[in-house]
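One structure below.
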Amino acid sequence: MIGYFTQMGKSQFKVALIYRATRDGFGADDFHRTCDNKGPTLTIIQTTEGFVIGGYTNDHWESPDRYKWKPSYDGWLFTIAHPHPFTRNKGDEKGIYCDKGYGTEFGWGGDIGIRDMSDGVVHGIFSGNSYKYGGVHLLNWKGRTTFTTKEIEVYQVI
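Heads up, the sequence shown is in the UniProt record's numbering, so the first residue is 1 and it goes up one at a time.
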């Protein structure tokens, strides 16, 4: 993870674990109770097939009654299998999606989308809507667009 931050120009930082789904619950309300208004965060998702993916947002999460997009201009996504982070598409204003009924949601159309009660539920990756993948795929490099969540951790980045 340090390498991703360094590549994005952030070499000095600290992290604090604020959410672990297996400890705090897999519900959207569990995510928002622990992650809302905490400032920049790093989300790490482990799938049941062993893939490790996630994203960083410089915006804070929140849970409005009506959904809200935030640009997260300095945000990026990653797959541990690839050495470089995937940065935002220029001009796109939809870096993260905030809604009380959803968990971590990066990008328009869910570049990485985690729904409510995410354990054992299939989630989506729709490559390229808000983040630049450059032909790389977050999961198995074969265009797969779904995964099942095993663990989600969110770290406050200070």
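Even for Gly, the Cβ is constructed at its ideal location relative to N, Cα and C.
Provide the residue span of the beta strand (DSSP E) that contains residue i, from first to last.
| i | result |
| --- | --- |
| residue 158 | It is not in any beta strand (DSSP E) - residue 158 carries neither H nor E in the DSSP assignment. |
| residue 12 | First-last for residue 12: undefined, no H or E at that position. |
| residue 113 | 112-115 |
If you run the structure through DSSP and keep just helix, strand and coil, what is residue i?
| i | result |
| --- | --- |
| residue 209 | As shown, the chain starts at 1 and ends at 158. That puts residue 209 outside it, with no answer to give. |
| residue 41 | strand |
| residue 75 | coil |
| residue 48 | coil |
| residue 123 | strand |
| residue 26 | coil |
| residue 133 | coil |
| residue 66 | coil |
| residue 145 | coil |
Residue i and residue j look like a contact to me (Cβ under 8 Å); what is the Cβ gap, rounded to whole Å?
| i | j | result |
| --- | --- | --- |
| residue 181 | residue 117 | Absent from the model: residue 181. The displayed extent of the chain is 1 to 158, so no value can be given. |
| residue 77 | residue 106 | 6 Å |
| residue 42 | residue 1 | 7 Å |
| residue 89 | residue 63 | About 25 Å; that fails the 8 Å criterion. |
Tell me the residue span of the alpha helix (DSSP H) that contains residue i.
| i | result |
| --- | --- |
| residue 102 | Element bounds for residue 102: not the alpha helix (DSSP H) but the beta strand (DSSP E), 102-106. |
| residue 4 | 2-7 |
Nearest by alpha-carbon distance to residue i: which of the options is it?
| i | options | result |
| --- | --- | --- |
| residue 68 | 123, 98, 60, 146 | 98 |
| residue 22 | 156, 157, 152, 158 | 152 |
| residue 50 | 145, 20, 139, 158 | 139 |
| residue 16 | 4, 6, 40 | 40 |
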